[in-house]
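Numbered according to numbering that gives the first Met the number 0, the sequence shown spans residues 0 to 407.
For every residue, glycine included, the Cβ atom is placed at its ideal position computed from N, Cα and C.
None of the values given here were measured: they were computed from a predicted structure.
Below is one structure, written out as structure tokens, with a few remarks after it.
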Amino acid sequence: MTIKLQKSILKKNSNIRITGSKSESNRLLILKALHNTVELENLSNSDDTQVMLKALESKERTVDIHHAGTAMRFLTAYFSSLEGRETGLTGSSRMKQRPISILVDALRDLGASIQYIENEGYPPIKISGKKITNNKVTLAANVSSQYISALLLIGSKLENGLELHLEGEITSVPYIQMTLELLSRIGVKSRFEGNVIEVFSGNDLNIHKLIVESDWSSASYFYSLAALSEVDTSITLSAYRQDSLQGDSCLAEIYKQFGVETEFNNNEITLTKKYHIVPEKIIELNLVNAPDIAQTIAVTCFGLGISCDLSGLHTLKIKETDRLVALKVELEKLGASVTITNSELFLKKSNSIQPNVSIDTYQDHRMAMAFAPLVLSTSLAINEANVVSKSFPDFWDNMKTLGIEIKK
Numbered sequence: 000m001t002i003k004l005q006k007s008i009l010k011k012n013s014n015i016r017i018t019g020s021k022s023e024s025n026r027l028l029i030l031k032a033l034h035n036t037v038e039l040e041n042l043s044n045s046d047d048t049q050v051m052l053k054a055l056e057s058k059e060r061t062v063d064i065h066h067a068g069t070a071m072r073f074l075t076a077y078f079s080s081l082e083g084r085e086t087g088l089t090g091s092s093r094m095k096q097r098p099i100s101i102l103v104d105a106l107r108d109l110g111a112s113i114q115y116i117e118n119e120g121y122p123p124i125k126i127s128g129k130k131i132t133n134n135k136v137t138l139a140a141n142v143s144s145q146y147i148s149a150l151l152l153i154g155s156k157l158e159n160g161l162e163l164h165l166e167g168e169i170t171s172v173p174y175i176q177m178t179l180e181l182l183s184r185i186g187v188k189s190r191f192e193g194n195v196i197e198v199f200s201g202n203d204l205n206i207h208k209l210i211v212e213s214d215w216s217s218a219s220y221f222y223s224l225a226a227l228s229e230v231d232t233s234i235t236l237s238a239y240r241q242d243s244l245q246g247d248s249c250l251a252e253i254y255k256q257f258g259v260e261t262e263f264n265n266n267e268i269t270l271t272k273k274y275h276i277v278p279e280k281i282i283e284l285n286l287v288n289a290p291d292i293a294q295t296i297a298v299t300c301f302g303l304g305i306s307c308d309l310s311g312l313h314t315l316k317i318k319e320t321d322r323l324v325a326l327k328v329e330l331e332k333l334g335a336s337v338t339i340t341n342s343e344l345f346l347k348k349s350n351s352i353q354p355n356v357s358i359d360t361y362q363d364h365r366m367a368m369a370f371a372p373l374v375l376s377t378s379l380a381i382n383e384a385n386v387v388s389k390s391f392p393d394f395w396d397n398m399k400t401l402g403i404e405i406k407k
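As structure tokens, then:
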């Protein structure tokens, strides 16, 4: 489905409710399946979380997780720990191109039985669940934190717990800390010192009722809209906490540089455009701990006609698409000047935006949503716009609520 976004002006004041964080929801669903002592409210309504729910309830021999990278990683570890359960895990054509060998090697070192069905190092895989008694394993630290979290989540259910040694500089520390904090909230003890993480076995846990915080990654698109809007425009989002576990909550601090202030009030945040920034400004950010907001920030900078130097983006190459290449291609369609490396993006300020450009999304939800705020500067089309359902099914309805004119 292609949609046309007509150049629009935001309503001065709007209220949006965003469902629970996909990151928190998927972690908690694994913990609920392992321990059966967790009651959850405000789960994400994203495709990825629905896929996770369906997979955990499935009795089928083969589970198809489609595009859901988090589900592939978390379920690989989960099914490996289910003694006597044989499971095939497969996914979309893109999923079959996303490497999983680092996680599989670590699980094999712990004693898991996993075979590749097609190409070595990539899904689909066949998992023969076993009782895992080994508890020490080493993993490269500079890869996706989801590999690390996948191991930590099952550590609480292993007979001897888990002692994970990380080699090198650790990527996306906030996501690791989120996993450990959620373990703590259901009563599982852990320790994170230097490059060693220990998760202690916890089988006798009390029932815990947890409310999932709304998704900060989803909030990023509203921060972008606020930054590109007129002064004094406000958007109120719920439900959010100032002491969030989510690494992308750094948005509140980052977007001060774009003239957007964040006010926390009970379970809501209000984003207000306070002032216009000068075009000579250069935004310099290391996003190693929040790579999922890189696309949003790059597009915000382009829309404001300012330069940015973004680093710490090496994990973007193994996402739904190679996000660095996709950003470069689509921004250049609009008239941007972009240079990329394996881990960086450099955008030069631009004085104009090409109108009526069609943005390709590469089956990547964040490409569709990151480029949408440019509707405040120009009319544009978004191809495969329904891809937003992967993480934020209500996105286009929310855009209409803000006053954006959308045509199919």
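If we count Cβ pairs, one from each stretch, closer than 8 Å, do we get three or more for the segment 223-234 versus the segment 362-376?
-> The segment 223-234 vs the segment 362-376: in contact.
State the DSSP-derived secondary structure class of residue 244, mapped to helix, strand or coil.
-> DSSP places residue 244 in coil when its eight states are reduced to three.
Drop a sphere of 10 angstroms on the beta-carbon of residue 72, count the other beta-carbons inside from all chains shown, and report buried for 16 or more, exposed for fewer.
-> Classification of residue 72: buried, given that the 10 Å Cβ count is 16 or more.
First through last residue of the alpha helix (DSSP H) which encompasses residue 235 = Annotation for residue 235: no alpha helix (DSSP H) segment contains it, though the beta strand (DSSP E) segment containing it runs 233-237.
Does DSSP put residue 380 in a helix, in a strand, or in coil?
-> The answer is strand: DSSP assigns residue 380 an E or B state.
Tell me, please, whether the segment 105-117 touches the segment 56-68 by the rule of three or more beta-carbon pairs shorter than 8 Å.
-> Result no; under three Cβ-Cβ pairs closer than 8 Å.
Segments of 3+ residues assigned as beta strand (DSSP E) that fall wholly inside the segment 85-132 | DSSP runs (the beta strand (DSSP E)) wholly in the segment 85-132: 85-89, 112-115, 124-127.
Alpha helix (DSSP H) segment containing residue 285, residue limits = For residue 285, there is no enclosing alpha helix (DSSP H); the residue is part of the beta strand (DSSP E) that begins and ends at 281-285.
C-alpha gap between residue 33 and residue 154, whole angstroms = Note on geometry: alpha-carbon atoms of residue 33 and residue 154 lie some 10 Å from one another.
Should residue 406 and residue 3 be called a contact, given that it needs their Cβ atoms to be closer than 7 Å?
-> Contact flag set, yes.
Starting from residue 338, follow the beta strand (DSSP E) in both directions and report where the run begins and ends.
-> Its beta strand (DSSP E) spans residues 336-339.
If you drop the 5 nearest sequence neighbours on each side, which residues of the same chain put their C-beta closer than 6 Å to that of residue 148?
-> Setting aside the 5 residues that flank it on each side, residue 148 is surrounded in the same chain by 178, each with a C-beta closer than 6 Å to its C-beta; the list follows chain order.
Please classify residue 397: does DSSP put it in a helix, a strand, or coil?
-> Helix at residue 397.
If you draw a straight line from the alpha carbon of residue 279 to that of residue 305, how long is it in whole angstroms?
-> Whole-angstrom Cα-Cα distance: 7 Å.
State yes or no: is the C-beta of residue 391 within less than 7 Å of the C-beta of residue 217?
-> Yes, these two residues count as a Cβ contact at 7 Å.
So what's residue 229 in DSSP terms, helix, strand or just coil?
-> Here residue 229 sits in coil by DSSP.
Hey, out of 240, 80, 303, whose CA is closest to residue 17's CA?
-> Distance from the Cα of residue 17 is smallest, within the candidate group 240, 80, 303, for 240.
Counting Cβ pairs closer than 8 Å, one from the segment 326-337 and one from the segment 355-367, do we hit at least three?
-> With a cut-off of 8 Å, the segment 355-367 and the segment 326-337 count as touching, because enough Cβ pairs lie within range.
If we ignore side chains and look at the alpha-carbon of each, how far apart do residue 13 and residue 23 end up?
-> So the alpha carbons of these two residues sit roughly 26 Å apart.
Mind checking who residue 407 pairs with in its DSSP beta bridge?
-> Note: residue 407 sits in no beta bridge, so no partner.
Of the choices 99, 230, 93, whose alpha-carbon is the least far from that of residue 74?
-> Among 99, 230, 93, the Cα nearest to that of residue 74 is on 99.
Would you tell me roughly how many angstroms separate the C-alpha atoms of residue 41 and residue 289, rounded to the nearest one?
-> Between residue 41 and residue 289, the C-alpha separation is close to 23 Å.
Buried or exposed by the 16-neighbour rule on C-beta atoms within 10 Å, applied to residue 353 | Burial call: exposed.
Exposure of residue 46, with buried meaning 16 or more beta-carbon neighbours within 10 Å = Buried.
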